[in-house]
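Per the numbering used here, the sequence shown runs over residues 11 to 356. Data first, discussion second: the structure below is written as structure tokens.
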Amino acid sequence: MAPDIDSIYVLISKKLTGDISPEDSAVLDEWLRKSAANQAEFDDLASLWERSQRLHFPGKIDRPAALNRVRRHAGVRKVVPSGLRLVYQVAAVLLLSVLLSGLYNYLTSESKPSGEYFQEVVAAYGTRTNVDLPDGSTVFLNSGSSMKFSSQFASQDQRLIELKGEGYFAVAKDPNRPFIVKAGPIEVEALGTEFNVDAYEPEHAIDVVLVEGKVAINTTDRQTAKKLLVLEPNQLGRFEAKENKLIKENTSDLEKYIGWIDGKMVFLDDPIREVIRELEHWYNVQIELTDQRLANYRFTGTFIDEPVEEILKIFSMTSPLSYEISPLEKDSQGRYQKRLIKLKME
11 MAPDIDSIYV
21 LISKKLTGDI
31 SPEDSAVLDE
41 WLRKSAANQA
51 EFDDLASLWE
61 RSQRLHFPGK
71 IDRPAALNRV
81 RRHAGVRKVV
91 PSGLRLVYQV
101 AAVLLLSVLL
111 SGLYNYLTSE
121 SKPSGEYFQE
131 VVAAYGTRTN
141 VDLPDGSTVF
151 LNSGSSMKFS
161 SQFASQDQRL
171 IELKGEGYFA
181 VAKDPNRPFI
191 VKAGPIEVEA
201 LGTEFNVDAY
211 EPEHAIDVVL
221 VEGKVAINTT
231 DRQTAKKLLV
241 LEPNQLGRFE
251 AKENKLIKEN
261 TSDLEKYIGW
271 IDGKMVFLDD
281 PIREVIRELE
291 HWYNVQIELT
301 DQRLANYRFT
311 GTFIDEPVEE
321 ILKIFSMTSP
331 LSYEISPLEK
341 DSQGRYQKRL
351 IKLKME
């Protein structure tokens, strides 16, 4: 009988902590051989675990027990795309657990730590993650995104989150403690609201879309810090890094910007370069446009947890686009590399 989801999680935990029996190791190895996705997921978790070994907490830490404690209490939940074969996306849980394991022991012991720790949550490629914060706010992270927040988040005057990638924030109201999202060169400040921040490529542009409430977008240059832009619901604020300017526009297509929470990828007359950007982030692939004539084409469509091959197939039916997908290959360390997709003109 094939192992269930919880069994796989336990086996991975045992493997990474060096407490796995030969029999369990054989079961895990068989699961890893079943698909490249399984192997790639394990490689990601192993990398995160290796990073945790460089963290230093005073005293002895029972990491395996901490994994189970944090899994129950951390408030991290996974949304797994139905079209993928990733058996159990535990990257965010694992990374958060190893960062919190020492902190958890100390908060429940007589000796309290005096230092500040930072907790990181990561959404692995091909997954979405949502996190309940200590103040009652909820954060959704899109594929390949991460966020950091202080272990003293619940007691600080400002609720500060550092975001890389894309996140949707449902902020609990607290007039005395502003909620601030730092994304590259900008900060988005809110008191009680819901908004989306797309900061996958902060060196080019950052998009902030407001669903309800009110937010202010600020620079992170403390010497000239001032509120640059205030958004009302159904408005988009875009910071263009090269021009160092911020623009605001109305939008009636909120689903295009927040549909990803429900696994929807929405294109509305988008140029092919925007399509490429989205596909690369969602599926952790590298896409090469081999014929610049394709740059003039725009695409419309809504996809719900579809494999990248299916999306390209549909687009090829409505345009002179053809594609070539390279097979999965391993690097010198045995890890799978990004697949290369070449888009061509028929």
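Heads up, the beta-carbon is just placed ideally off N, CA and C, and yes, glycines get one too. If you're wondering where the values come from, they're calculated on a predicted model, not measured in any experiment.
Item to check | Three-state class that DSSP yields for Lys24 in the structure shown | outcome: Look at Lys24 here: in three-state DSSP terms it is helix.
Item to check | For Asn294, three-class secondary structure by DSSP | outcome: DSSP places Asn294 in coil when its eight states are reduced to three.
Next on the checklist: Buried or exposed for Gln129, going by 16 or more other Cβ atoms inside 10 Å?
Outcome noted: buried
Checklist entry - Across which residues does DSSP place Asn244 in a beta bridge pair? => result None; Asn244 has no bridge partner.
Item to check | Span separating the alpha-carbon of Asp29 from that of Ala36 | outcome: 13 Å
Checklist entry - Is it buried or exposed for Arg283, if we count other Cβ within 10 angstroms and need 16 for buried? => result exposed
Checklist entry - Can you tell me the Cα-Cα spacing of Leu77 and Ser23, whole angstroms? => result Because Leu77 carries a pLDDT of 45, less than 50, the predicted location of this residue cannot be relied on, and no value is offered for it.
Checklist entry - Just reading off the alpha helix (DSSP H) that Glu40 is part of, what are its end residues? => result 32-44
Checklist entry - Residue range of the beta strand (DSSP E) that Glu319 falls in? => result From DSSP, Glu319 is part of no beta strand (DSSP E) but of the alpha helix (DSSP H) over 318-327.
Checklist entry - Once you ignore the five residues that flank Gln290 on each side, which residues in its own chain have a CB closer than 8 Å to its CB? => result This sequence places Glu at residue 290; Gln is not what is there. Correct list, in chain order: Gln296, Ile297.
Next on the checklist: In the DSSP output, what is Pro195 paired with across the bridge?
Outcome noted: None; Pro195 has no bridge partner.
Checklist entry - What is the DSSP secondary structure of Lys183, counted as helix, strand or coil? => result In the three-state DSSP reduction, Lys183 falls in the coil class, being neither helix nor strand.
Checklist entry - What separation, rounded to the nearest whole angstrom, lies between the Cα atoms of Glu356 and Pro330? => result 5 Å
Checklist entry - Lys354 to Tyr333, Cα distance in whole Å? => result 6 Å
Checklist entry - So who's on the other strand from Arg169, going by DSSP bridges? => result Phe189
Checklist entry - Would you call Ala193 buried or exposed, if buried means 16 or more other Cβ atoms sit within 10 Å of its Cβ? => result buried
Item to check | Local Cβ density within 10 Å of Glu204, reported as buried at 16 or more and exposed below that | outcome: Sixteen is the threshold: when 16 or more other Cβ atoms of the shown chains lie within 10 Å of the Cβ of Glu204, as they do, the residue is buried.
Item to check | Close-in-space but distant-in-sequence residues of the same chain around Thr230 (CB under 6 Å, 5 per side omitted) | outcome: Contacts found: Pro195, Glu197.
Item to check | Helix, strand or coil at Gln49 according to DSSP, with G and I counted as helix | outcome: Judged by DSSP in its simplified three-state form, Gln49 adopts helix.
Checklist entry - Which residues in the same chain as Asn186 place their Cβ atom closer than 7 Å to its Cβ, once the five residues preceding and following it in sequence are excluded? => result none
Checklist entry - For the alpha helix (DSSP H) that Lys266 lies in, which residues bound it at each end? => result 264-268
Checklist entry - Do the region 272-286 and the region 307-315 make contact, defined as three or more Cβ pairs closer than 8 Å? => result Yes, since at least three Cβ pairs between the region 272-286 and the region 307-315 fall closer than 8 Å, the two stretches touch.
Item to check | Reference Gly146; option with closest CA among Glu250, Thr27, Asp341, Leu201 | outcome: Leu201
Checklist entry - To the nearest whole angstrom, what separates the beta carbons of Val149 and Asn140, a pair I think is in contact under 8 Å? => result 7 Å
Next on the checklist: Going by DSSP, what residue range makes up the beta strand (DSSP E) through Leu151?
Outcome noted: 148-151
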